[in-house]
Amino acid sequence: MSSLKVGTILMIKLTTIAPDLRINALLCCSAAVLLTAAASAAAAPDAFDIQGYNGGAVADVSATQTEVAPASTPLSRRGVRNAPAVASPAPAPSVATAVTPVTSYNYYVSPTGNDAAAGTKAAPFRTLARAVKAVRPNSTVFVAPGTYSGGFRNTISGTASGRIYFVSTTKWGAKIVPPANSTGDVAFDNRGSYVDIIGFEVNGSAIQSGTKWRYGIYNGGSYDSIRDNYVHHIAKTIPCTSGGGSAIGADSYYKGVKADIVSNVVHDIGPTACHFVQGIYMSTSGTIKNNVVYRVAEAAIHLWHDANNVIITNNTVTSSGTGIIVGGGDYYFTTAGANNVHVYNNIVYDNKYGISEQGRTGTSNTYRNNLVYQNTYPWTLKNGLKHTGTVATVPGFTSYSRTGTQNLKITSGSAAVARGTSTYAHPTDVVGRPRNSSTGFDIGAYQH
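Numbered according to my numbering, the sequence shown spans residues 541 to 988.
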């Protein structure tokens with residue numbers, strides 16, 4: 541199988557329990573800062589107000605931050621079964637987790653801005669390519685709704701106490717699309733550590749001229765998060781070669797570790813029947829939680845290369861070549877294989893392969909409380925491992941179509957309701973609804 545060396549694909553983050561503590565701290569901090577404004581009687585929101593993340597407009601937090609004219613900083617990316625690829629209407633950007641805590645420095649990007657400007661709220665930049673040259677530790681880049689050319693790279697890192705946030709001020713309102721003449725194969729290329737990429741739409745459907753995108757969001761740093769994004773129609777017309785591609789990837793090639801890929805929607809990725817293009821791809825430690833992934837050429841979620849110590853929980857994956865692949869091979873720095881991988885509470889439905897271990901894997905992997913149904917080959921585990929608590933029946937989506945419009949929220953009568961486990965579960969679901977321990981933890985990305 542796995543010549544899955546997606547060029548030099550992606551990275552990730554996390555070991556076991558510490559990651560959850562880190563994410564939860566971020567989200568709690570975010571909520572405390574941003575949600576206060578939602579309750580206040582406010583003027584009409586402007587383009588830089590944070591909206592759509594918890595159901596209402598949340599005022600811009602810049603009153604307590606510093607707007608700075610950017611200092612010039614140099615730039616510095618490097619860079620496996622089948623499913624029909626069909627266009628589908630965009631899902632509605634529903635409520636989600638809070639966005640960012642207060643940072644020391646603000647930068648602003650707007651379709652009406654100018655890259656020769658100072659990057660302040662009153663004089664925003666025009667492009668994300670300009671913004672990534674300006675950031676410094678403890679910064680937030682607020683990106684107003686509009687269309688922006690992709691193909692840019694961030695090489696600046698934050699710190700543990702001063703992260704860098706790239707935020708679409710309206711969830712999925714800032715849309716990253718191919719430029720008129722593309723010179724790279726990545727839409728949003730992040731090499732920095734302690735970086736958060738939040739709330740963007742990355743749409744690869746409108747290819748123009750030049751290099752075709754193979755990757756939507758590529759992450760090569762450490763301690764990063766990619767959350768609440770909508771990534772679709774990536775690598776649809778590329779040649780099917782071992783160069784590969786993915787919608788979202790976290791890579792160990794640059795020795796990145798511990799990335800969180802949380803609450804993203806991904807669909808229509810890769811050319812039909814191409815084994816080398818994935819939905820979410822991870823090649824080191826990390827977490828993959830609350831994502832909705834469908835119609836991917838090979839695997840909706842794929843671990844390979846140096847992947848280890850990964851938590852995969854509460855994802856909904858359908859209509860792809862494989863639902864979830866856990867494996868190691870084509871190593872960068874280790875030959876240990878994929879071990880200490882925990883796959884809990886996932887809906888894996890209507891794929892050729894369901895949950896599959898491939899390549900080299902360890903004996904400490906666990907598979908619990910997953911709903912796995914209508915896959916030609918539902919389970920392929922190695923080393924004598926067994927799955928437990930599996931639900932093997934239809935998931936009870938609101939509506940489902942392999943090739944058309946669908947709604948993958950579960951109904952109140954779904955077999956996934958209250959059949960999950962709290963172990964490793966994210967505190968909220970893909971749209972920010974609390975996981976309810978009193979009525980039970982549901983399987984899949986949505987809590988009913």
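Where is the CB? At the ideal position from N, CA and C, for every residue including glycine.
Taking residue i as part of the alpha helix (DSSP H), name the residues at either end of that continuous run.
i, result
"residue 670", "668-674"
Please list, in chain order, all residues of the same chain as residue i whose beta carbon is under 7 Å from its beta carbon, the five residues on each side excluded.
i, result
"residue 976", "987"
"residue 874", "846"
"residue 985", "830, 831, 832, 854, 855, 856, 969 and 970"
"residue 564", "Interpretation of residue 564 is limited by its pLDDT of 44, a score under 50 that renders its predicted location unreliable; no figure is taken from the coordinates."
"residue 965", "853, 854, 885, 975 and 981"
In the DSSP assignment, find the unbroken beta strand (DSSP E) run with residue i in it and report its ends.
i, result
"residue 786", "785-790"
"residue 839", "839-843"
"residue 834", "832-836"
"residue 661", "That residue, residue 661, is in no beta strand (DSSP E); it is neither H nor E in DSSP."
"residue 727", "726-730"
"residue 808", "805-809"
"residue 798", "Neither: residue 798 is in no beta strand (DSSP E) and is coded neither H nor E."
"residue 747", "Segment: none, residue 747 is in no beta strand (DSSP E) and carries neither H nor E."
"residue 931", "Segment: none, residue 931 is in no beta strand (DSSP E) and carries neither H nor E."
"residue 766", "765-767"
"residue 772", "770-774"
"residue 819", "817-822"
"residue 708", "704-708"
"residue 957", "It is not in any beta strand (DSSP E) - residue 957 carries neither H nor E in the DSSP assignment."
"residue 649", "645-649"
"residue 947", "947-950"
"residue 976", "Taken as a continuous stretch (DSSP letters only), residue 976 belongs to no beta strand (DSSP E), as it is neither H nor E."
"residue 696", "From DSSP, residue 696 is part of no beta strand (DSSP E); its letter is neither H nor E."
"residue 758", "755-759"
What residues in its chain sit with their C-beta under 6 Å from that of residue i, if we drop five residues either side in the sequence?
i, result
"residue 889", "858, 913, 914 and 935"
"residue 708", "683, 714, 739 and 740"
"residue 692", "668, 669 and 672"
"residue 957", "982 and 988"
"residue 807", "772, 834 and 835"
"residue 767", "738, 802 and 803"
"residue 980", "958"
"residue 664", "648, 649, 650 and 653"
"residue 770", "712, 741 and 805"
"residue 566", "No answer about residue 566 holds up, because its pLDDT of 40 lies below 50 and its placement is not dependable."
"residue 929", "908 and 909"
According to DSSP, what are the bridge partners of residue i?
i, result
"residue 715", "687 and 741"
"residue 921", "DSSP output for residue 921 lists no bridge partner at all."
"residue 853", "829 and 884"
"residue 736", "705 and 765"
"residue 913", "889"
"residue 906", "882"
"residue 721", "749"
"residue 939", "947"
"residue 680", "646 and 705"
"residue 901", "878"
If residue i and residue j are in contact, beta carbons under 8 Å, what's the gap, nearest whole angstrom?
i, j, result
"residue 718", "residue 744", "6 Å"
"residue 961", "residue 908", "6 Å"
"residue 757", "residue 788", "5 Å"
"residue 893", "residue 920", "7 Å"
"residue 836", "residue 881", "So it is not a contact: roughly 19 Å between Cβ atoms."
"residue 764", "residue 725", "That pair is no contact at about 20 Å."
"residue 710", "residue 679", "Wrong, their Cβ atoms sit about 20 Å apart, outside the cutoff."
"residue 867", "residue 878", "5 Å"
"residue 865", "residue 883", "That belief does not hold up - the Cβ atoms of residue 865 and residue 883 are roughly 11 Å apart, past 8 Å."
"residue 705", "residue 640", "4 Å"
"residue 927", "residue 910", "7 Å"
Going along the chain, which residues of its own chain have a beta-carbon closer than 8 Å to the beta-carbon of residue i, five neighbours each way excluded?
i, result
"residue 922", "897 and 901"
"residue 733", "697, 698, 761, 762, 763, 764 and 796"
Length-filtered (3 minimum) beta strand (DSSP E) runs lying within the stretch 861-898: With a minimum length of 3 residues, the continuous beta strand (DSSP E) runs that stay inside the stretch 861-898 are 862-868, 881-884 and 887-889.
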